[in-house]
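Enquirer:
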Amino acid sequence: MNELIQALTQVTNQTGIDKELVFEALETSILAACKRNFGTSDNIDVNINRKTGDYTVTAKKDVVSEADLTNKNTQISISDALKIDSAYQIGDVCQVPLDPKKFGRIAAQNAKQIIVQRLHEEERSLIYNDYKSKEFEMVTGLIQRKERGNVYLNLDDKVEALLPAKEQIVGEEYPLNRRIKVYVEEVKDQQRGPMMIVSRTHPELIKRLFEQEVPEIHDGIVMIKSIAREAGSRSKMAVYSRDPMVDPLGACVGPGGNRVNAIVKELGGEKIDIVIWSQEPSKFIAMALNPSEVDRVDVDEEGRTASVVVPDSQLSLAIGKEGQNARLAAKLTGYKIDIKSETQAKQAQSEDDYDFDFDFDFSDEDEEADDEMKS
C-alpha cells in the first residue's frame with residue numbers, strides 16, 4: 001500500500017490537487033464498485049488510512065434469524081454474525097468486512113474511470129478558480145487562431161481566451177503567434193475548461209498597463225483617478241500624487257517619455273494625454289481640455305455642466321478633430337462641456353445684454369403710455 005501513497009503523492013505534486021480530494025475520489029470509486037457488485041452501496045463504509053494507504057471496506061447488515069434472512073446484501077444470519085463477534089444478537093447491526101478483490105475486473109475498471117473523472121474535474125476546478133481570480137486584471141496571451149472575426153489566445157497552455165471582434169482595436173492586426181496584453185472581462189466555466197473573455201478596447205487596460213510600467217502607480221503613490229478612451233485613436237488619463245514631492249505627470253511619462261511610449265507602442269500608436277486631476281471641477285475641466293489653453297471655466301456642479309471660454313486661436317484645438325478632444329474631456333470629468341471662443345462668448349454676452357435693455361425700455365414706454373392715457 002505504500003505504492004498507493006507514492007502514486008498519490010506524485011499525482012498531487014504534478015496537478016496541484018489536494019491529496020485529501022484524491023483520497024475521497026478513491027473512496028467514492030470503491031463505493032461505486034461495491035454498488036456494481038452488490039446492487040447497493042447505501043450500507044457500505046470505505047476508509048483509507050491516509051498514512052499507510054491501507055483500506056477497509058465494511059457493510060452494515062442487520063442481524064436476523066435464519067428464517068428471516070431474505071436479502072444477503074443488507075442482512076446477515078445470527079449464526080454468521082456470531083462468527084464475526086460472539087457478542088452480536090438478533091436486531092443488532094453487524095459490521096461485515098468485504099474483500100474488494102472479489103468485485104471483479106469490470107468493477108475495478110469502473111473505479112478507475114471514476115478516479116480519472118474526479119481528478120479531471122478537480123484539475124479543471126483548480127484552473128478555473130485560478131483564472132477566475134484574474135478577472136478585471138491584465139494577462140498576456142499568444143494569438144493561436146482566428147475564426148469569424150474573433151481572435152483566440154492561448155494562456156499558459158491551460159486556458160483559451162476569446163477576444164471578440166467588438167473588443168478588438170479597429171485597424172489593429174492580430175498575426176498568429178504574436179503575444180499581446182489583454183484585459184480580462186469575464187471567466188466562464190465550460191465543460192471543456194475555463195474560457196476567458198478578454199478585451200483590447202476596455203479603458204481599464206490603460207490603467208493596468210500603467211500599473212505595470214510605472215512603479216509609483218504600482219506602489220500607490222500616484223493614483224489614476226479616471227480614464228476616457230476611444231480605443232486605437234486617443235485616450236485621456238487623469239492622475240494625482242499622494243506625495244507632494246512626486247510629480248504624477250513626470251512619473252507617468254518617464255525619463256525621455258520611455259514609460260508612456262512603451263504603452264503607446266503596446267497599443268499600436270494610440271495617443272495618450274495625461275493630465276493632472278484636481279478636486280476643483282473648474283481646474284480639472286481646464287486640464288482635461290489639454291493641449292488647448294483655457295481662459296475661463298464656469299461650472300454648474302449640481303447640473304454637471306460647464307461653460308468654457310478659450311482664445312479664438314485655440315477653439316479648434318479645444319474641440320479637436322470631429323469633437324474628439326471635447327468628447328474625451330467630458331468623459332474624463334463627468335461634465336457636459338460647452339466650449340466657446342472669446343469672440344463667441346462676447347457676442348453671446350452682448351446679445352444677452354441687448355435683450356435685457358430691450359425688455360427694460362419696452363416696459364418704460366408702456367408706463368409712459370399708461371400715464372398719458374390716465375391724464
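Numbering (my numbering), first residue to last: 1 to 375. Using N, Cα and C, we set each Cβ at its ideal position, and we do this for glycine too. On a predicted model such as this, the values are computed, not experimentally measured, just so you know.
1. Measure the alpha-carbon distance for S307 versus R296 and round it to whole angstroms.
2. Flag this pair as yes or no: are the beta carbons of V264 and V239 separated by less than 8 Å?
3. On a CA-only basis, which of V159, N177, T201 is nearest Q191? Give me that one, please.
4. What is the rounded straight-line gap between the Cα of N290 and the Cα of V260?
5. Indicate whether V182 and L209 have their beta-carbon atoms separated by less than 8 Å.
6. Would you grab the beta carbon distance between I44 and V64 for me? Rounded to a whole angstrom, and I think it's under 8 Å.
7. Which residues mark the beginning and the end of the alpha helix (DSSP H) in which D286 is found?
8. Between the Cα of M138 and the Cα atoms of E342, G323, I285, K207, which residue gives the shortest distance?
9. Looking at the unbroken alpha helix (DSSP H) that takes in N325, where does it start and where does it end?
10. Okay, do the stretch 138 to 148 and the stretch 166 to 185 touch, 3+ Cβ pairs below 8 Å being the bar?
11. Could you give the DSSP three-state label for R242: helix, strand or coil?
12. Would I169 and T201 be called neighbours here (beta carbons separated by less than 8 Å)?
13. M196 and A231 look like a contact to me (Cβ under 8 Å); what is the Cβ gap, rounded to whole Å?
14. Could you tell me the distance, in whole angstroms, from the CA atom of K376 to the CA atom of Q349?
15. Taking C-beta to C-beta, are Q75 and D92 nearer than 8 Å?
16. Work out the CA separation of F136 and E186 for me, nearest whole Å.
17. I need the straight-line Cα distance from P244 to I339, nearest angstrom please.
18. What's the gap between the Cα of V299 and the Cα of A251?
19. Exposed or buried, S29, counting other C-beta atoms within 10 Å across all chains shown (16 or more means buried)?
20. Just the Cα atoms here: how many angstroms apart are L328 and V309?
21. What residues in its chain sit with their C-beta under 6 Å from that of G149, if we drop five residues either side in the sequence?
22. Checking the sheet assignment: what are the DSSP bridge partners for Q75?
23. Assign T333 to buried or exposed, taking buried as 16 or more other Cβ atoms, counted over all protein chains shown, within 10 Å of its Cβ.
24. How many angstroms separate the CA atom of V198 from the CA atom of E167?
25. Could you say which of I285, Q314, P311 lies nearest to E301 if we only look at CA atoms?
26. Would DSSP call Q95 helix, strand or coil?
27. Under 6 Å Cβ to Cβ from G268, same chain only, skipping five residues before and after it: list those, please.
28. What number of angstroms, rounded off, separates the C-alpha of A81 from the C-alpha of I90?
29. Who are the near neighbours of Q314 in its chain, counting only those whose CB is closer than 7 Å to its CB and skipping five residues on each side?
30. Mark T9 as exposed unless 16 or more other C-beta atoms lie within 10 angstroms of its C-beta, in which case mark it buried.
31. Helix, strand or coil for V182 per DSSP?
32. Between the beta-carbon of V275 and the beta-carbon of K236, is there less than 8 Å?
33. Near L317, what residues of its chain come up, given a Cβ to Cβ distance below 6 Å and the 5 sequence neighbours on each side ignored?
34. Alpha carbon to alpha carbon, what distance is there between D157 and Y128?
35. Who are the near neighbours of T12 in its chain, counting only those whose CB is closer than 8 Å to its CB and skipping five residues on each side?
Expert: In this structure, then:
1. Reading the sequence shown from its first residue, position 307 is the one you call residue 307. Reading the sequence shown from its first residue, position 296 is the one you call residue 296. Approximately 8 Å between the Cα atoms of the pair.
2. Locating residue 264 in the sequence shown gives position 264, counting from the first residue. Locating residue 239 in the sequence shown gives position 239, counting from the first residue. Contact flag unset, no.
3. What you label residue 191 is simply residue 191 of the sequence shown in a count that begins at 1. The residue with the shortest Cα to Cα distance from Q191 is V159.
4. For the purposes of this step, residue 290 is identified with residue 290 of the sequence shown, where counting begins at 1. For the purposes of this step, residue 260 is identified with residue 260 of the sequence shown, where counting begins at 1. So the alpha carbons of these two residues sit roughly 17 Å apart.
5. The residue you call residue 182 lines up with position 182 of the sequence shown. The residue you call residue 209 lines up with position 209 of the sequence shown. Not in contact: V182 and L209 (Cβ atoms no closer than 8 Å).
6. Here residue 44 is taken as the residue at index 44 of the sequence shown, counted from 1. Here residue 64 is taken as the residue at index 64 of the sequence shown, counted from 1. Not a contact, Cβ separation roughly 18 Å.
7. In the sequence shown, the residue the question calls residue 286 occupies position 286. A small fix is needed here, since residue 286 is Ala in this sequence, not Asp. Unbroken alpha helix (DSSP H) run through A286: 281 to 288.
8. By one-based count along the sequence shown, residue 138 stands at place 138. Checked all of E342, G323, I285, K207; the closest Cα to M138 is K207.
9. As a first step, residue 325 must be located in the sequence shown, where it is residue number 325. Per DSSP, N325 belongs to the alpha helix (DSSP H) from 324 to 333.
10. yes
11. Working through the sequence shown from its first residue, we reach residue 242 at position 242. R242: coil per DSSP, three-state reduction.
12. Position 169 of the sequence shown holds residue 169. Position 201 of the sequence shown holds residue 201. Yes, the Cβ-Cβ distance between I169 and T201 is below 8 Å.
13. Counting from 1 along the sequence shown, the entry for residue 196 is found at position 196. Counting from 1 along the sequence shown, the entry for residue 231 is found at position 231. Not really, about 19 Å apart at Cβ, beyond 8 Å.
14. For residue 376 there is no data in the structure shown, the boundaries of the chain being 1 and 375.
15. As a first step, residue 75 must be located in the sequence shown, where it is residue number 75. As a first step, residue 92 must be located in the sequence shown, where it is residue number 92. No, Cβ-Cβ distance for Q75 and D92 is not below 8 Å.
16. Against the sequence shown, residue 186 aligns to sequence position 186. Against the sequence shown, residue 136 aligns to sequence position 136. Taking the straight line joining both Cα atoms gives about 8 Å.
17. Position 244 of the sequence shown holds residue 244. Position 339 of the sequence shown holds residue 339. Going from the Cα of P244 to the Cα of I339 covers about 32 Å.
18. Here residue 299 is taken as the residue at index 299 of the sequence shown, counted from 1. Here residue 251 is taken as the residue at index 251 of the sequence shown, counted from 1. Their Cα atoms are separated by approximately 30 Å.
19. Your numbering for residue 29 matches position 29 in the sequence shown. Classification for S29: buried.
20. Here residue 328 is taken as the residue at index 328 of the sequence shown, counted from 1. Here residue 309 is taken as the residue at index 309 of the sequence shown, counted from 1. About 17 Å.
21. As a first step, residue 149 must be located in the sequence shown, where it is residue number 149. Closer than 6 Å at the Cβ level, and outside the excluded window around G149, lie A165.
22. Taking the first residue of the sequence shown as position 1, residue 75 is located at position 75. DSSP lists D62 as partners of Q75.
23. Locating residue 333 in the sequence shown gives position 333, counting from the first residue. With 16 or more Cβ atoms within 10 Å of its Cβ, T333 is classed as buried.
24. Here residue 198 refers to the residue found at position 198 when the sequence shown is read from its first residue. Here residue 167 refers to the residue found at position 167 when the sequence shown is read from its first residue. So the two alpha carbons sit approximately 7 Å from each other.
25. Position 301 of the sequence shown, counted from the start, is the residue given in the question as residue 301. E301 has its Cα closest to that of I285, out of I285, Q314, P311.
26. For the purposes of this step, residue 95 is identified with residue 95 of the sequence shown, where counting begins at 1. Strand.
27. For the purposes of this step, residue 268 is taken as residue 268 along the sequence shown, with counting starting at 1. The answer, listed in chain order, is E172.
28. Reading the sequence shown from its first residue, position 81 is the one you call residue 81. Reading the sequence shown from its first residue, position 90 is the one you call residue 90. If I take the Cα positions, the gap works out to 9 Å.
29. Numbered from its first residue, the sequence shown carries residue 314 at position 314. The residues are S292, E293.
30. In the sequence shown, counting from the first residue as 1, residue 9 sits at position 9. So T9 ends up on the exposed side.
31. Here residue 182 refers to the residue found at position 182 when the sequence shown is read from its first residue. Correct three-state label for V182: strand.
32. Along the sequence shown, one-based indexing puts residue 275 at 275. Along the sequence shown, one-based indexing puts residue 236 at 236. In contact: V275 and K236 (Cβ atoms closer than 8 Å).
33. Position 317 of the sequence shown, counting from 1, holds the residue named residue 317. Taken in chain order, the residues that qualify are S292.
34. Within the sequence shown, residue 128 is the residue found at index 128, counting from 1. Within the sequence shown, residue 157 is the residue found at index 157, counting from 1. Their Cα atoms are separated by approximately 14 Å.
35. Looking up residue 12 in the sequence shown gives position 12. Once the five neighbours on either side are set aside, the close Cβ partners of T12 are D18, K19, V22.
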